[in-house]
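Worksheet: the structure to be examined is printed underneath.
Number of protein chains: 2
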Amino acid sequence: MSTNPGERKYQVIASDLREAIQRGQYPPGSRLPGENDIMRDYQVARMTARQALAQLISEGRAAARKGAGVYVREFRPVVRAGITRLAGTWADGRSIWSADIEDRELAVDQARVAREEPPDRIRILLDLPDDEREVIVRRRRFVLDGKPVLLSASYLPSDIAAGTRIEQQDAGPGGTYARLAEAGHAPVRFREDLRARMPEPDETERLSLPAGTPVVEIARIAYTGTGQIVEVNEMTADASAYIFRYDFSPE
Amino acid sequence: MSTNPGERKYQVIASDLREAIQRGQYPPGSRLPGENDIMRDYQVARMTARQALAQLISEGRAAARKGAGVYVREFRPVVRAGITRLAGTWADGRSIWSADIEDRELAVDQARVAREEPPDRIRILLDLPDDEREVIVRRRRFVLDGKPVLLSASYLPSDIAAGTRIEQQDAGPGGTYARLAEAGHAPVRFREDLRARMPEPDETERLSLPAGTPVVEIARIAYTGTGQIVEVNEMTADASAYIFRYDFSPE
DNA sequence: AAGTGGTCTAGACCACTGC
DNA sequence: CAGTGGTCTAGACCACTTA
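Taken in order, these protein sequences are the chains called W and P.
Everything in the first sequence is counted per our numbering, starting at 9 for the first residue and increasing by one.
Everything in the second sequence is counted per our numbering, starting at 9 for the first residue and increasing by one.
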């Protein structure tokens, strides 16, 4: 036990456990001392033991399993390359963080295509005429090793996508972008805006997120050669499942 | 108050407050009902009221100020463009999220340059010979509107940077990359790997992070035309202060 | 059936903020 | 100085997991 007098009890306990985890005393996946263990070892009340564990959980280092115990979390992120076609041509695939190089199975779990009234931000970006009410929305959820990791909603203008294979669940070989190209609206430039934040309650549920796990929100905009926006794709990712990679030259 | 019987008391209270915030009843910066208010209004114990507020705080929606109250958080992120020189040439500056377009003052707050033994991951990336022990490390902290938002540590090989202006706190016009170019090691390609996670306790302190605020970790690698790595820059950003932007073409 | 974490109560003292 | 959030105690009952 640490001997820092000014620190709070629960912080001392949390620090002890944190250091023990980093020492390897509790490897990923292993069980940490529970509330009752801490109450006994440190002579504290239940709420104090809980607060120490809550600290580690909110840091994303541990996860509680009701009725079972508190466990050290494991991380196996995958690399998501923003520019796939460039990857590997001039630099190897190593990541500075431990991550899987080999492709793991990223599969579509749920898919739904519909015509919807878009939110204002989408309407503005797609520069819809005032009399156009609906857009095509392709919603998908992706799973990695059985766990949902990404929610995606792709918005496309009706006058381009309606009645095409883009409105099918399977957009065909090459996906949506290939269909856009065939229709004379090939996207040639992309913008991705990323931000990280804590999840909303419904995102916590749909991504099965443990406490202490942020999400990364990605807004991708696809431009044609004339500068027209033909797709806006809003994604929400389990931050613990992803490393986002961008390769670029300054000119 | 909601009337969902299955939900926990603290969740009902948290949902009420969350919805009131979204309705605009409590605008950003305003004060939320405190523990005592909730105890009275909902007839619950202090710990239950605390748990409801803790829920909103962990979601990043509110922040507690000791002795003052719990307040709705405000967000004013800035856009950080990964490829500055491309920005604006073919797409405008609008972000899908509310963010400042105009440049706000991003200043260096703390700066230190030193020769250090690098961590293994840096040693491997820089491909240092076994007898080379030290690298040049440029550490800086950036502040935005008086609040620290970014920690940066830039690692450069001694055989390139030692004795040059890179070892000065002010690396001169054009910065480190201009000096590298002058020395015949111009970086021509970059890789940025991003991941989001909850902060370590020391990051919470150095970035003055409220609870419920993730950090984004960025590892940038600079390559010369021959594929040699001449700089590794590890950054840690307050996720609530930044939108990360990448523009690219698929070929 | 025993043990675990999740929720909740009803108190207490403290340090800090704001007036 | 009154009010606030932060910490802590000592109980209680519950739903869940594991064996």
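Where a beta carbon is used, it is the ideal one built from N, C-alpha and C, also for glycine.
Determine whether the Cβ of residue 150 of chain W lies closer than 8 Å to any Cβ atom of chain P. Locating residue 150 of chain W in the first sequence gives position 142, counting from the first residue. By this cut-off, residue 150 of chain W is not an interface position.
Residue 154 of chain W (DSSP reduced to helix, strand or coil): For the purposes of this step, residue 154 of chain W is identified with residue 146 of the first sequence, where counting begins at 1. Looking at residue 154 of chain W - three-state DSSP - the assignment turns out to be coil, as it is neither helix nor strand.
Grab me the residues of residue 156 of chain P's own chain with a C-beta within less than 8 Å of its C-beta, minus the 5 sequence neighbours each way, in chain order. Here residue 156 of chain P refers to the residue found at position 148 of the second sequence. Listed in chain order, the non-local C-beta contacts of residue 156 of chain P below 8 Å within the same chain comprise 117, 149, 150, 214, 215, 216 and 246, local neighbours out to five positions each way being set aside.
Excluding five sequence neighbours on each side, which residues of the same chain lie with their C-beta closer than 8 Å to the C-beta of residue 165 of chain P? Taking the first residue of the second sequence as 1, we reach residue 165 of chain P at position 157. Excluding sequence neighbours, residue 165 of chain P sits near 134, 136, 140, 143, 144 and 238.
Could you tell me which residues DSSP pairs with residue 232 of chain P in its beta bridges? Taking the first residue of the second sequence as position 1, residue 232 of chain P is located at position 224. In DSSP, residue 232 of chain P forms a bridge with P:195.
Environment of residue 249 of chain W [buried if 16+ CB atoms lie within 10 Å]: Taking the first residue of the first sequence as position 1, residue 249 of chain W is located at position 241. Label assigned to residue 249 of chain W: buried.
Does residue 182 of chain W get closer than 8 Å to chain P when you measure Cβ to Cβ? As a first step, residue 182 of chain W must be located in the first sequence, where it is residue number 174. Cβ-Cβ to chain P under 8 Å: no for residue 182 of chain W.
Can you pull out the residues from the stretch 181-208 of chain P whose beta carbon lies closer than 9 Å to at least one beta carbon of chain W? 185, 195, 196, 197, 198, 199, 200, 201, 202, 203, 204, 205, 206, 207 and 208
Return the chain-ordered list of same chain residues with a C-beta closer than 8 Å to the C-beta of residue 127 of chain W, the five sequence neighbours on each side being excluded. Within the first sequence, the letter at position 119 stands for residue 127 of chain W. Excluding residues within five positions, none has a Cβ falling inside 8 Å.
Let me check understanding here. Comparing Cα to Cα, which of W:64, W:122 and W:17 lies closest to residue 40 of chain W? As a working mapping, residue 40 of chain W is identified with position 32 in the first sequence. Minimum Cα distance to residue 40 of chain W is reached at W:64.
7 Å Cβ shell around residue 175 of chain W - same chain, five flanking residues per side excluded: Here residue 175 of chain W is taken as the residue at index 167 of the first sequence, counted from 1. Excluding sequence neighbours, residue 175 of chain W sits near 121, 144 and 169.
Out of P:236, P:226, P:251 and P:255, which has the shortest C-alpha to C-alpha gap to residue 103 of chain W? In the first sequence, the residue the question calls residue 103 of chain W occupies position 95. Selected option, being the one with the closest Cα: P:226.
What does residue 5 of chain W reach in chain P if we use C-beta pairs closer than 7 Å? Here chain W has residues from 9 to 259 only, and residue 5 of chain W is not among them.
I'd like to know if residue 71 of chain W contacts chain P, where contact means its C-beta is closer than 8 Å to some C-beta of that chain. As a position in the first sequence, residue 71 of chain W is number 63, starting the count at 1. Answer no: the Cβ-Cβ gap between residue 71 of chain W and chain P never drops below 8 Å.
Could you please give me the residues that DSSP links to residue 39 of chain W through a beta bridge? As a first step, residue 39 of chain W must be located in the first sequence, where it is residue number 31. Per the DSSP secondary-structure output, residue 39 of chain W pairs in a beta bridge with W:79.
Are the CB atoms of residue 200 of chain P and residue 254 of chain W within a distance shorter than 8 Å? Your numbering for residue 254 of chain W matches position 246 in the first sequence. Your numbering for residue 200 of chain P matches position 192 in the second sequence. Cβ distance < 8 Å, so residue 254 of chain W and residue 200 of chain P count as in contact.
Exposed or buried, which one is residue 72 of chain P when buried takes at least 16 other CB atoms within 10 Å? Taking the first residue of the second sequence as position 1, residue 72 of chain P is located at position 64. Buried, because 16 or more other Cβ atoms sit within 10 Å of the Cβ of residue 72 of chain P.
Does DSSP put residue 49 of chain P in a helix, a strand or coil? By 1-based counting over the second sequence, the position of residue 49 of chain P is 41. If DSSP states are grouped into helix, strand and coil, residue 49 of chain P belongs with the helices.
With DSSP as the reference, label residue 15 of chain W as helix, strand or coil. In the first sequence, residue 15 of chain W corresponds to position 7, counting from 1. In the three-state scheme derived from DSSP, where H, G and I count as helix and E and B as strand, residue 15 of chain W is classed as coil.
Touch test, the stretch 228-238 of chain W against the stretch 186-199 of chain W, Cβ-Cβ under 8 Å, three pairs minimum: yes
Coarse secondary structure for residue 118 of chain P, derived from DSSP in three states: Position 110 of the second sequence, counted from the start, is the residue given in the question as residue 118 of chain P. If DSSP states are grouped into helix, strand and coil, residue 118 of chain P belongs with the strands.
Hey, how far is the Cα of residue 208 of chain W from the Cα of residue 19 of chain P? Residue 208 of chain W sits at position 200 when you count from the first residue of the first sequence. Residue 19 of chain P sits at position 11 when you count from the first residue of the second sequence. Approximately 13 Å between the Cα atoms of the pair.
Specify the secondary structure class of residue 181 of chain P as computed by DSSP and reduced to three states. By 1-based counting over the second sequence, the position of residue 181 of chain P is 173. Coil at residue 181 of chain P, not helix or strand.
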